[in-house]
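With the numbering used here applied, the sequence shown corresponds to residues 2 to 292, in that order. Here the structure comes first, spelled out in structure tokens, and everything after it is commentary.
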Amino acid sequence: MKKVIITGANGQLGRAINKVFEGNNEFELINTDFNVDGIRNLDITNLEDVIALFEEIKPYAIINCAAHTAVDLCEVQKDAAYKINAIGPRNLAIAASKYDAKIVHVSTDYVFPGDASVPYTEFDKTGPKAMYGITKLNGENFVREFADGRWFIIRTAWLYGDGKNFVKTMLKLSENHDTLTVVDDQVGSPTSAMELARMIKYLLPTEKYGLYHGTCEGQCSWADFAKEIFRLAGKSTVVTPVTSEQYKEMNPNSADRPKFSVLENYMLKLSTDFMFADWKDAIREYMQDLK
2 MKKVIITGAN GQLGRAINKV FEGNNEFELI NTDFNVDGIR NLDITNLEDV
52 IALFEEIKPY AIINCAAHTA VDLCEVQKDA AYKINAIGPR NLAIAASKYD
102 AKIVHVSTDY VFPGDASVPY TEFDKTGPKA MYGITKLNGE NFVREFADGR
152 WFIIRTAWLY GDGKNFVKTM LKLSENHDTL TVVDDQVGSP TSAMELARMI
202 KYLLPTEKYG LYHGTCEGQC SWADFAKEIF RLAGKSTVVT PVTSEQYKEM
252 NPNSADRPKF SVLENYMLKL STDFMFADWK DAIREYMQDL K
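Laid out in structure tokens, this is it:
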């Protein structure tokens, strides 16, 4: 059985990957995270620890779901962001190359400036503005440099799954609020962690290496997303749209978010027959599972 290390296994994507691979007789998943009970501890920022784990496991592949994803905190915790989002992937790529393992590295729409008017493809120029995107782009570059060609980099966006996310935040707030203000001039593609996990399962056994975008089809604003969540949940909470500038005035310490970060899954469409679900279908499935 082929052994696959999952980093950040207790996060939304890590949990989805475990669920998608349930009952699979080809792969054995070895789950790791920073300090989580019941899951093997691995500090991806420590190269010696990473090498030691690879020496012990000798994996077929590693799927890196570990990241410093708190966008606002990355602005003030720059060292931690660089260590986790850049140095960590470098270490994993070095170990993957040393032990001839594949690496799947998950990245973000934040590597783009967010000023486009049409969806970004994998061939478009990057230009991150927030520290989160800057450090994640550095992580991408390290994987390209050190993983000896056997890598999949997958950029995703607006992810939700089993864990803390926008959907659950909106539902929680709706319990005590009749009206909620939500930004309506930031546009993206809400993406189910289960859909992304299915993509990873599809690509992993192949040799179709390279950079991919992996988001649900379609696009909406955060305000539209909130409205759809409340509609599916049967909530009467009213969404009051605000601009990014108005949100910034209310939350002055918040990092800049991309205004337009829709990703086109162009490489998937060029080189595979895998298709993501439409974002409305995916959120409907997710909401049914929540119930």
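Beta carbons: idealized from backbone N, C-alpha and C, even for Gly. For clarity, every value in this text was computed on a predicted model and none was experimentally measured.
- Report the partner residues of residue 50 according to the DSSP bridge assignment. Residue 50 pairs with nothing; no bridge assigned.
- Residues of its chain near residue 133, where Cβ-Cβ distance is below 6 Å and the 5 sequence neighbours each way are ignored: 72, 75 and 111
- Message: For residue 137 and residue 180, what's the separation of their Cα atoms in angstroms?
- Response: 35 Å
- Item | Candidates 222, 210 and 49: closest to residue 190 by CA position | 222
- Query: How many angstroms separate the CA atom of residue 261 from the CA atom of residue 122?
  - Reply: 13 Å
- Which of the three DSSP states, helix, strand or coil, is assigned to residue 245? helix
- Got a sec? Which residues, its chain only, sit under 8 Å from residue 58 by beta carbon, not counting five neighbours each side? 4, 6 and 31
- Item | residue 159 in three-state terms, based on DSSP | coil
- Query: Which residue comes first and which comes last in the beta strand (DSSP E) that contains residue 213?
  - Reply: 211 to 214
- Message: In this structure, how does DSSP classify residue 25 when only helix, strand and coil are distinguished?
- Response: coil
- Query: When you compare each of 114, 278, 255 and 274 to residue 77 by their alpha carbons, which one comes out closest?
  - Reply: 255
- Helix, strand or coil at residue 189 according to DSSP, with G and I counted as helix: strand
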